[in-house]
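First the structure, in the form of structure tokens, and then the observations on it.
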Amino acid sequence: MKRILFGAILLMTGHALTAQELYVFSEPASNPPAKSISTKYTGKFLRSDHTDRIEQRHMAEAMLGLSKEWMLRGSTTLSDMYSKNLRWESAKLYTKYRFFSNDEVHKHFRMAAFAEAAYSRNEMAFDELSLDGDNSGVQGGVILTQLWDKLAVSGTFGYLYTFQRSSPGKLLHPDFHHQPVFEKWPEQAFNYSISAGYLLFPVHYTSYKQTNVNLYAELIGQKSLDRRYFYYDLAPAIQFIFNSTAKLNAGYRFELNRHSDMYRMSNNRLQVSFEYVFLNALKKKR
Numbered sequence: 001m002k003r004i005l006f007g008a009i010l011l012m013t014g015h016a017l018t019a020q021e022l023y024v025f026s027e028p029a030s031n032p033p034a035k036s037i038s039t040k041y042t043g044k045f046l047r048s049d050h051t052d053r054i055e056q057r058h059m060a061e062a063m064l065g066l067s068k069e070w071m072l073r074g075s076t077t078l079s080d081m082y083s084k085n086l087r088w089e090s091a092k093l094y095t096k097y098r099f100f101s102n103d104e105v106h107k108h109f110r111m112a113a114f115a116e117a118a119y120s121r122n123e124m125a126f127d128e129l130s131l132d133g134d135n136s137g138v139q140g141g142v143i144l145t146q147l148w149d150k151l152a153v154s155g156t157f158g159y160l161y162t163f164q165r166s167s168p169g170k171l172l173h174p175d176f177h178h179q180p181v182f183e184k185w186p187e188q189a190f191n192y193s194i195s196a197g198y199l200l201f202p203v204h205y206t207s208y209k210q211t212n213v214n215l216y217a218e219l220i221g222q223k224s225l226d227r228r229y230f231y232y233d234l235a236p237a238i239q240f241i242f243n244s245t246a247k248l249n250a251g252y253r254f255e256l257n258r259h260s261d262m263y264r265m266s267n268n269r270l271q272v273s274f275e276y277v278f279l280n281a282l283k284k285k286r
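Residue numbering for the sequence shown follows the working numbering, starting at 1 and increasing by one per position.
Take a look at the structure:
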């Protein structure tokens, strides 16, 4: 009886209808369910353009749905992208606050502000800046998400500042005295993403136990603010949601501007992730 009641509540509150805004490569303005705890594993795999070997990064995350407006997430990574062997690499803290919501039947518009801070043991090595294991730094920005029935569109815009560790910079060419000339790595960047998600299955909801299948396409870009470099990537992905609590994602991200002179680790990468939500885990027991 409890399971039937729970499924009915999910359907009445439109919980299932928001599944298509659970983007694979970015965040929506919506938050995890209030009073929930989520755990997530993400694996990133690429062939380095510089070492010609397959490199990997593994991220573990824990997310707290403190309320319907506020969430908190902590993560850590292991990687061999900056070393010969797999090693601990970084830690990050992320928070998001939803400050605006206009909800209607089968559609809503939401806005949120986010901030994150990261520590990485890696030295600067690329023009591309990232707090997902590569660099130490901070980022803040806003997210806007619009849901129309089975389609969800979202935009994320953020300012990223990195704390550079000791590194001479990028080697350009020898000078007239045959001494190496270095260009300092970028420190600041404007990040953006435009994401779209579409609920493919089920066509009609009858139970919270139905498997959801969502298709995504995300445009992800970065523009250095203290250099001339930029990139923009396309990232299609597929997602399966089981029993409204378990989520399996797979996506492939590749660069669209192939003639960009931004020095990156790789122009394409594969990403897989699995997330599980413990509903009402933070709710006080009476």
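By construction, the Cβ of each residue, glycine as well, lies at the ideal position given by its N, Cα and C atoms.
- Taking C-beta atoms as the reference points, F100 and R87 fail to come closer than 8 angstroms.
- Residue state for E21 is assigned as helix, using DSSP reduced to three classes.
- Bridge partners of Y159 according to DSSP: G140 and F190.
- In the three-state DSSP reduction, R258 falls in the coil class, being neither helix nor strand.
- For P236, the uninterrupted beta strand (DSSP E) run begins and ends at F230 to F242, by DSSP.
- When the alpha-carbon of P236 is set against those of S244, E255 and E69, the nearest one is in E255.
- Counting C-beta pairs with one atom in each stretch, the region 189-202 and the region 213-232 have three or more that are closer than 8 angstroms, which means they touch.
- Distance from the CA of S79 to the CA of E55, rounded to the nearest whole angstrom, comes to 8 angstroms.
- Residue pairing for R110: DSSP places it in a beta bridge opposite S101 and T145.
- Here T245 carries a coil assignment [DSSP, helix/strand/coil].
- Counting the other CB atoms within 10 Å of its CB gives D233 a total of 16 or more, which places it among the buried residues.
- Using a Cβ distance threshold of 8 angstroms, G137 and A113 do not count as a contacting pair.
- By alpha-carbon distance to S207, the top candidate from S244, F190 and Q222 is S244.
- CA-CA distance, A189 to G141, rounds to 12 angstroms.
- Each residue's CA atom was taken as its position, placing M265 and G221 some 15 angstroms apart.
- Linking F126 to K209 through their CA atoms gives a straight-line distance of about 45 angstroms.
- Inclusion of F25 and G251 in the CB contact set at 8 angstroms is warranted, their separation being smaller than that value.
- Taking C-beta separations shorter than 6 angstroms and ignoring five residues to either side along the sequence, the partners of L270 in its chain run F45 and Y252, following chain order.
- For V213, the uninterrupted beta strand (DSSP E) run begins and ends at N212 to S224, by DSSP.
- By DSSP's assignment, M63 forms a beta bridge with S38 and R73.
- The beta-carbon distance between Y192 and T145, rounded to whole angstroms, is 14 angstroms. This is too long to meet the 8 angstroms contact definition.
- Taking E69 as the centre and dropping the five residues before and after it, the same chain places the C-beta of N31, Y97, R98 and F99 closer than 8 angstroms to its C-beta, in chain order.
- Shown here, A125 sits in coil according to DSSP, grouped into three states, outside any helix or strand.
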